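K.L.:
Provided herewith is a single structure, encoded as structure tokens, for subsequent inquiry.
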């Protein structure tokens with residue numbers, strides 16, 4: 523491996539230098555140059571500050587980085603630096619994307635269709651059945667399924683993928699020198715053959731509770747959409763859903779009975795418009811425009827005489843560039859309130875003037 527890997531790992535070891543500061547540094551220097559730069563040059567990097575500059579200048583722990591390189595080479599792990607062509611490109615749109623990932627598997631992390639499936643660790647029979655049926659119906663859709671290898675819905679989703687020959691990636695909250703939970707070891711090795719294991723944590727990192735929210739941001743950020751199957755109002759699945767929303771990704775949730783505590787989180791996501799109510803895999807594929815391209819699609823025609831409101835005209839003016847634009851950007855550029863934007867866009871969509879795209883993006887129809 524190149525000497526660059528040593529510096530890439532070392533960058534993640536500098537105290538006080540997290541993902542955001544590291545990305546700022548990489549805008550000014552190569553990874554090797556960061557460790558050779560003078561104080562004056564480092565101080566020009568936005569947000570770094572005197573203390574972080576001092577920590578970079580005083581960093582000496584290359585021995586730890588060398589041990590990690592040896593572990594990577596011994597176990598044939600693929601390091602994915604943020605500037606690598608194989609790095610999950612969807613994560614680059616997340617401000618807190620990990621600088622370095624460690625991967626073992628054969629799935630393409632830039633697969634054209636990636637869905638995250640998450641849910642409760644203590645699922646009910648309803649959650650198990652819903653997950654298995656949902657995954658089975660995805661088998662012909664050419665998707666990659668991502669989850670967290672945890673007990674409950676995560677492991678049910680991974681197992682269903684393996685059963686239906688769907689590639690599946692487990693994102694870990696610890697290093698690749700162990701599997702947690704231990705009972706999922708056999709499943710994890712099977713996933714490496716049809717999918718993979720991915721983490722931002724070095725070997726020796728235990729599955730401490732504060733690592734799981736970090737893990738969840740990777741699950742949400744590397745996926746086109748997140749599907750929540752059974753969860754209480756608190757827990758990792760709700761964190762993943764919130765993160766997916768913050769990254770402007772589509773979130774879907776299967777509803778449950780209002781008396782079921784395990785469905786309270788899903789119902790709340792739907793009620794607060796943070797998730798689209800989902801009933802089956804076909805709906806997901808249609809919403810994401812992932813339905814079979816060979817099937818003839820119904821052609822809609824616009825009315826000959828369309829009467830637009832001033833609000834609708836303002837939205838069309840924003841979309842005239844022809845590029846896909848997020849609803850947040852439309853709100854900012856049009857100067858309209860969110861409620862007016864939502865109402866006007868619904869009318870425009872129903873008149874086949876605009877089209878909704880994955881990731882809450884919109885464009886003008888030809």
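Numbering (this note's numbering), first residue to last: 523 to 888.
From the three backbone atoms N, C-alpha and C, an ideal C-beta is built for every residue, glycine too.
Fair warning: this is a prediction, and the values are worked out from it, not measured in the lab.
#1: Quick one: give me the first and last residue of the alpha helix (DSSP H) that residue 807 is part of.
#2: With DSSP as the reference, identify every bridge partner of residue 624, one or two as the case may be.
#3: How would you label residue 644, buried or exposed, when you count the other beta carbons within 10 angstroms and need 16 or more for buried?
#4: Give the DSSP-derived three-state secondary structure of residue 661 in the structure shown.
#5: Quick one: complete alpha helix (DSSP H) runs, 4+ long, within the stretch 734-819?
#6: On a Cα-Cα basis, can you pick out the residue from 535, 563, 560, 599 that is closest to residue 718?
#7: Near residue 697, which residues of its chain fall below 7 Å by C-beta distance, leaving aside the five closest residues on each side in sequence?
#8: Run through DSSP, which three-state label would residue 617 get?
#9: Run through DSSP, which three-state label would residue 539 get?
#10: Take the Cβ of residue 738 as the centre, count every other Cβ of all protein chains shown within 10 Å, and call the residue buried at 16 or more, exposed below.
#11: Under a three-way DSSP split, which group does residue 675 fall into?
#12: For the alpha helix (DSSP H) containing residue 856, name the first residue and the last one.
#13: When the distance is taken between beta carbons, is residue 626 closer than 7 Å to residue 714?
#14: Can you name the start and end residues of the beta strand (DSSP E) that residue 694 belongs to?
#15: Hey, would you say residue 859 sits closer than 7 Å to residue 837, going by beta carbons?
#16: Counting only the same chain and skipping the five closest in sequence on each side, list residues whose C-beta sits under 7 Å from that of residue 822.
#17: Using the C-alpha atoms, what's the distance from residue 610 back to residue 539?
#18: Bridge partners for residue 874 per DSSP, in chain order?
#19: Is residue 798 close to chain D? Criterion is C-beta to C-beta, closer than 7 Å.
#20: Write down the C-beta distance between residue 642 and residue 675 rounded to the nearest angstrom, noting that I regard them as a contact closer than 8 Å.
#21: Terminal residues of the continuous alpha helix (DSSP H) containing residue 571?
#22: Three or more beta-carbon pairs under 8 Å between the stretch 571-585 and the stretch 530-538, yes or no?
#23: What does the alpha-carbon distance come out to for the pair residue 647 and residue 866?
#24: What residues in its chain sit with their C-beta under 8 Å from that of residue 745, if we drop five residues either side in the sequence?
#25: Check whether the Cβ atoms of residue 654 and residue 682 lie closer than 7 Å to each other.
#26: Note down, in chain order, each residue of its chain lying with its Cβ closer than 8 Å to the Cβ of residue 591, except the 5 sequence neighbours on either side.
#27: Identify which residue in 670, 759, 658 has its Cα closest to the Cα of residue 686.
#28: If we count Cβ pairs, one from each stretch, closer than 8 Å, do we get three or more for the stretch 753-761 versus the stretch 556-568?
#29: From residue 816 to residue 633, what distance separates their C-alpha atoms?
#30: With a 10 Å radius around its C-beta and 16 neighbouring C-beta atoms as the bar for buried, classify residue 829 as buried or exposed.
#31: Which two residues bound the contiguous alpha helix (DSSP H) that contains residue 639?
#32: Which partner residues does residue 666 have in the DSSP bridge list?
#33: Straight-line CA distance for residue 843 to residue 810?
#34: Secondary structure at residue 525, three-state DSSP: helix, strand or coil?
#35: Under three-state DSSP, which class holds residue 731?
P.N.:
In short, the structure shows the following:
#1: 803-809
#2: 601, 721
#3: exposed
#4: coil
#5: 758-768, 786-793, 803-809
#6: 599
#7: 721, 723, 724, 725, 726, 727
#8: coil
#9: coil
#10: buried
#11: helix
#12: 849-856
#13: yes
#14: Note, residue 694: premise wrong, no beta strand (DSSP E); not H, not E.
#15: no
#16: Any reading at residue 822 needs caution, since the residue's pLDDT is 48, under 50, leaving its predicted position unreliable; the model's value is listed next. The residues are 874.
#17: 21 Å
#18: For residue 874, which the question treats as bridged, DSSP gives no partner whatsoever.
#19: As a matter of chain content, chain D is missing from the structure shown, which is built from one protein chain.
#20: 6 Å
#21: 571-579
#22: yes
#23: 41 Å
#24: 612, 636, 637, 638, 668, 766, 771
#25: yes
#26: 523, 527, 528, 531
#27: 658
#28: no
#29: For residue 816, the pLDDT reaches just 36, beneath the cut-off of 50, and the residue's location in the model is therefore unreliable, leaving the point undetermined.
#30: exposed
#31: Counting along the chain, residue 639 falls outside any alpha helix (DSSP H), though it belongs to the beta strand (DSSP E) covering 636-641.
#32: 636
#33: 22 Å
#34: coil
#35: coil
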